[in-house]
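Visitor: This is the structure I have questions about; it appears just below.
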Amino acid sequence: MELKGTRGRGIVLASYGRGVLAQSAETAMHCALAGRKQRVVCGDRVAWVYGLAADGASVESIEPRRNLLERIDARGRAEPVAANIDRLAIVVAPQPAPDWFLVDRYWAGAHLKDIAAMLIVNKSDLASDSIQSELANYRALGLECREVASLTGAGIPDLYNELADQVTLLVGQSGVGKSSIVNALVPDAAAQTAELTRDAEGRHTTTTARWYRLRPGPDSAIVDAPGVRDFAPPASIVRAAERAFVEIHRFGLDCRFNDCRHLQEPGCAVRAAVASERIAARRYESYRRLYRLYERLAP
Ligand SMILES: Nc1nc2c(ncn2[C@@H]2O[C@H](COP(=O)(O)OP(=O)(O)OP(=O)(O)O)[C@@H](O)[C@H]2O)c(=O)[nH]1
Ligand SMILES: [Mg+2]
Ligand SMILES: [Zn+2]
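The sequence shown runs contiguously to residue 468 in this note's numbering.
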C-alpha cells in the first residue's frame, strides 16, 4: 500500500516517549514526533503525514490549544498534563483515605485555567462518614460533589449524562477508581486499554493519560490520568489565593495590609476567620502549604 505523503488529522489519545497515538475518524495511528522540541500531550489535535520524516506517520503540526493543564515538577518547571479539557473531575474515595490538600491543588489548577471542576466521590458502597464534613465544606464553597460507585453502577447514568457533551479529565490519587469509572462510563473501554500495565503487586495501574470517546464526535470524551501523589499548578501564591481559595480571598479583602500574606501579619482578617471557624482550618492549612511550596520554588 502506497501511503507516502498521505495526510490526516486526529486527536491524541495517549502520548509515550517519542510518539503519540492519534485517533482520526477512521483509525488510530501511531505517530512519531517530528522534532525534539515538539511536545504533544493527550487531547491535542494534530495533523500527521505519512512516510516523510519517518517510516510511519509523524506529527506535522499541533493545532492551537484551547487550554493546557500543567503541573509543576519537583524543581518548579511546568509539565503538561492534558490539553483541550472542558472539565476537571477530581476523584476521591473513602479508601484510600482522601488527600484533601491534593483536591485543593487540583481545584486551584482548574480555577487558574478557567476549567470547570467537580469532585467525584467514588466507592459510595463503602462507608463514607469520615469524608462528609469535607464534602459539606466543598459544597458550601461552590464545588459540585457527586457520589458514585463504579463497582455497583450507582450514580453512573447521571454522571454520564452530565459529562457526555464535554471533555472531562479524571485526576486523583492512585486507587480511587478513575479507570473503573471510565470502564463504567465507556462500555468498550476495556477493548481500548491495551496500554494498561500491571505493577509489581499485580495491580492494574494507569501509566499515561488516555483519551476515551463517550459519544461520537470530538467533543465528548473522558480522559483517564495516572494517579498522583502530589500536584501543584504553575502559578504564584497570590494568583492561586485569589482564584482558588475563594474564602481566603473573600476574607482577605478586610485585612489591614493590602499585601497581607495571611501568615503572621497583624490585623489579618483571614486568621480571624479561621479562629472563628468561618474558614475551615484545614483549608487554611492547605493555603499555607501551597504558600510554602511556592516560596521554596521562587528564584
Ligand atoms: N468498593 C469499591 N471498589 C472500587 C470501586 N471502583 C473501583 N474500585 C476498586 O478500586 C481499585 C482501584 O481502581 P482503579 O480504577 O484501578 O483506580 P485508579 O484511580 O485508576 O488507579 P491508578 O490508575 O493507579 O491511578 C480496584 O481494586 C477497583 O476494583 C467502587 O465503586 N467500590
Ligand atoms: Mg487508573
Ligand atoms: Zn491577611
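The beta-carbon is built from N, C-alpha and C at its ideal position, and this holds for glycine as well.
All values reported here derive from a predicted model rather than from experimental measurement.
Answer with buried or exposed for Thr196, where buried requires no fewer than 16 other C-beta atoms within 10 angstroms of its C-beta.
Guide: The count along the sequence shown starts at 1 and reaches residue 196 at position 27. Classification for Thr196: exposed.
Visitor: Under 5 Å from any heavy atom of ligand 3, by CB: list those residues in chain order, please.
Guide: Every residue passing the under-5 Å Cβ criterion appears here: Cys424, Cys429, His431, Cys437 and Val439.
Visitor: Compare the Cα-Cα distances from Val290 to each of Pro435, Val340, Pro249 and Leu281 and report the closest residue.
Guide: Locating residue 290 in the sequence shown gives position 121, counting from the first residue. Of Pro435, Val340, Pro249 and Leu281, the residue nearest in Cα terms is Val340.
Visitor: Would you say Leu295 faces chain C, with C-beta separation under 9 Å as the test?
Guide: Of the protein chains in the structure, only one exists, and it is not chain C.
Visitor: Would the segment 296-305 count as touching the segment 320-332 if we require 3 or more Cβ pairs under 8 Å?
Guide: With a cut-off of 8 Å, the segment 320-332 and the segment 296-305 do not count as touching, because too few Cβ pairs lie within range.
Visitor: For ligand 2, is there a heavy atom less than 8 Å away from the beta-carbon of Lys347?
Guide: Taking the sequence shown and counting its residues from 1, the one referred to as residue 347 is at position 178. True, at least one ligand heavy atom lies under 8 Å from that Cβ.
Visitor: Identify which residue in Pro263, Val209, Pro265 and Gly220 has its Cα closest to the Cα of Asn253.
Guide: Along the sequence shown, read from residue 1 onward, the residue named residue 253 stands at position 84. If we check each option's Cα against that of Asn253, Val209 comes out closest.
Visitor: Among the candidates Arg315, Gln433 and His280, whose CA atom is the shortest distance from the CA of Val261?
Guide: As a first step, residue 261 must be located in the sequence shown, where it is residue number 92. If we check each option's Cα against that of Val261, Arg315 comes out closest.
Visitor: Would you decide whether Lys347 is buried or exposed? Buried here means 16 or more other CB atoms lie within 10 Å of its CB.
Guide: The count along the sequence shown starts at 1 and reaches residue 347 at position 178. So Lys347 ends up on the buried side.
Visitor: Check each candidate in Gly396, Asp399, Phe400 and Val355 and name the one with the smallest Cα separation from Arg382.
Guide: Taking the first residue of the sequence shown as 1, we reach residue 382 at position 213. The residue with the shortest Cα to Cα distance from Arg382 is Val355.
Visitor: Judging by CA-CA distance, which residue of Ala194, Gly212 and Arg187 is the nearest neighbour of Lys206?
Guide: The residue you call residue 206 lines up with position 37 of the sequence shown. Closest option to Lys206, Cα to Cα, is Arg187.
Visitor: For Val439, which residues in the same chain have their Cβ closer than 6 Å to its Cβ, ignoring the five residues on either side in sequence?
Guide: Counting from one through the sequence shown, the residue named residue 439 turns up at place 270. The answer, listed in chain order, is Ile417, Phe420, Gly421 and His431.
Visitor: Just list the residues that DSSP pairs Thr337 with in beta bridges.
Guide: Locating residue 337 in the sequence shown gives position 168, counting from the first residue. In the DSSP output, where bridge partners are listed per residue, Thr337 has Arg256 and Ile391.
Visitor: Does the Cβ of Asp327 lie closer than 8 Å to at least one heavy atom of ligand 1?
Guide: Counted from its first residue, the sequence shown places residue 327 at position 158. Asp327 Cβ: outside cutoff for every heavy atom of ligand 1.
Visitor: Please work out which residues of its chain come closer than 6 Å, Cβ to Cβ, to Tyr456, disregarding the five sequence neighbours upstream and downstream, and give them in chain order.
Guide: Position 287 of the sequence shown, counting from 1, holds the residue named residue 456. Answer for Tyr456: Phe414 and Ile417, listed in chain order.
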